[in-house]
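Numbering (the numbering used here), first residue to last: 23 to 339.
Don't be surprised by glycine CBs; every beta carbon is placed ideally from N, CA and C.
Predicted, not measured: the structure shown is a model, and the values here were computed from it.
First the structure, in the form of structure tokens, and then the observations on it.
Structure representation (structure tokens):
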């Protein structure tokens, strides 16, 4: 009799050991992984690493944006010097044409004109448009880096926000799943306190931080793309509409779409002859001039920007 009791007890012990393993397989099949005493979704298991990566990307993006702003400021100051030099050359040429100078004084003025003209020629691209500074090499380099980081940060932000937004619903659905509930109960019977369903903690603070980050990503910094010979800048026009502002570095012309002009309420000057332009090598089009009272590139504001408005049939460019 004693032998029979021993066999039954031993069998019972083996059965109890197998049960948690079966339960763990059920939880795993539902996409859950164990972290400490909790069973969490794979998304939450990766969330800590994702949030850490987001903070890293955000720091990099802000550092590069600061570099770009500094380069923009320096290029803007250089552009002001070029404008001043051009005005001074005009004044000195008028002085030379006036016939009041002679001898060494005349030669000195000629030398000064040549010196200033050389300086202007070195930086003539800065005069391409009111936003000509964006095509300077240092600015373009910082801009390309910013765009790459901006893309990575945007994607990481979208994934992080989606994970946080769906986390509560995911756990609510799992809690109502009878197989998951039975498996958790089975594990808890064998290892009390070792079978809690996530989440691990409250992520409300993280969700708010990501919301703030997403809300300011477009407007707090200066997202800029440099493609071939043109620069594309997402801007806020008249604080009314987002749009893409194009600066062509080969032709020195700033172009906006007719859709953007219409949405922002910009008056197109159709009473003047249009400019015929093979814009960016895509056919010849008639573009009409317009003035944008104010555009904002992140924290960088430009007023009274002269542009050409791209016709609707050319906006596939």
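Query raised in the report: For the putative contact between residue 168 and residue 97, defined by C-beta atoms under 8 Å, what is the C-beta separation to the nearest angstrom?
Result: About 15 Å separates the two Cβ atoms, so there is no contact after all.
Requested in this report: Closer than 7 Å by C-beta to residue 82: which residues in its own chain qualify, once you throw out the five before and the five after it? Chain order, please.
Outcome: Answer for residue 82: 171, listed in chain order.
Requested in this report: Can you say whether residue 217 is buried or exposed, counting buried as having 16 or more other CB atoms within 10 angstroms of its CB?
Outcome: Counting C-beta atoms within 10 angstroms of its own C-beta, residue 217 has 16 or more neighbours from the protein chains shown and is therefore classed as buried.
Query raised in the report: Considering only the beta carbon of each residue, do residue 225 and residue 175 sit closer than 8 Å?
Result: Their beta carbons are not under 8 Å apart, which means residue 225 does not touch residue 175 by this criterion.
**Report entry** Whole-Å CB distance - residue 200 paired with residue 63, under 8 Å assumed
**Finding:** The Cβ separation is near 18 Å, so there is no contact.
Query raised in the report: So what does DSSP say about residue 238, is it helix, strand or coil?
Result: Correct three-state label for residue 238: helix.
**Report entry** Where the alpha helix (DSSP H) through residue 145 begins and ends
**Finding:** For residue 145, there is no enclosing alpha helix (DSSP H), as DSSP gives it neither H nor E.
**Report entry** Start-end ranges of the alpha helix (DSSP H) lying completely within the segment 46-122, minimum 4 residues
**Finding:** The DSSP assignment places complete alpha helix (DSSP H) segments of no fewer than 4 residues inside the segment 46-122 at 64-119, in order along the chain.
Query raised in the report: Taking Cβ positions, are residue 178 and residue 79 nearer each other than 8 Å?
Result: By the CB criterion at 8 Å, residue 178 and residue 79 fall inside the cutoff.
Query - Distance, residue 46 Cα to residue 205 Cα - result: If you take the alpha carbons of residue 205 and residue 46, they lie about 7 Å apart.
**Report entry** Beta-carbon spacing of residue 59, residue 215 below 8 Å
**Finding:** The answer is yes: Cβ separation under 8 Å.
Query raised in the report: Roughly how many angstroms separate the alpha carbons of residue 1 and residue 89, rounded to a whole number?
Result: Given a span of 23 to 339 for the chain in the structure shown, any question on residue 1 remains unanswerable.
Query raised in the report: Between 315, 306, 317 and 290, which lies nearest to residue 330 when the distance is taken from Cα to Cα?
Result: Scanning 315, 306, 317 and 290 for the CA closest to the CA of residue 330 turns up 290.
Query raised in the report: Counting Cβ pairs, one atom from each stretch, are 3 or more of them under 8 Å apart for the segment 48-58 and the segment 123-131?
Result: Too few Cβ pairs lie closer than 8 Å, so no.
Requested in this report: Compute the beta-carbon to beta-carbon distance between residue 297 and residue 309, rounded to the nearest angstrom, for a pair I have assumed lies under 8 Å.
Outcome: The distance from the Cβ of residue 297 to that of residue 309 is about 5 Å, consistent with a contact at the 8 Å cut-off.
Query raised in the report: So who's on the other strand from residue 311, going by DSSP bridges?
Result: Answer is 330.
Query raised in the report: Expressed to the nearest angstrom, what Euclidean distance is found between the alpha-carbon atoms of residue 121 and residue 112?
Result: In this structure, the alpha-carbon of residue 121 lies about 15 Å from that of residue 112.
Report task. Could you check what DSSP says for residue 294 in three-state terms: helix, strand or coil? Result -> DSSP places residue 294 outside both helix and strand once states are collapsed to three, so it counts as coil.
Report task. In angstroms with no decimal places, state the Cα-to-Cα distance between residue 234 and residue 135. Result -> Each residue's Cα considered, the two are about 53 Å apart.
Report task. Pick helix, strand or coil for residue 126, following the three-state DSSP scheme. Result -> In the three-state reduction of the DSSP assignment, residue 126 falls in the helix class, which pools H, G and I.
Query raised in the report: To the nearest angstrom, how far is it from the Cα of residue 219 to the Cα of residue 48?
Result: Per the coordinates, the alpha-carbon of residue 219 lies some 13 Å from the alpha-carbon of residue 48.
Query raised in the report: Expressed to the nearest angstrom, what Euclidean distance is found between the alpha-carbon atoms of residue 335 and residue 133?
Result: The alpha-carbon atoms of residue 335 and residue 133 are separated by roughly 50 Å.
Query - Whole-angstrom distance between residue 103 and residue 91, CA atom to CA atom - result: The alpha-carbon atoms of residue 91 and residue 103 are separated by roughly 18 Å.
Query raised in the report: For residue 233, does the three-state DSSP call read helix, strand or coil?
Result: It is helical.
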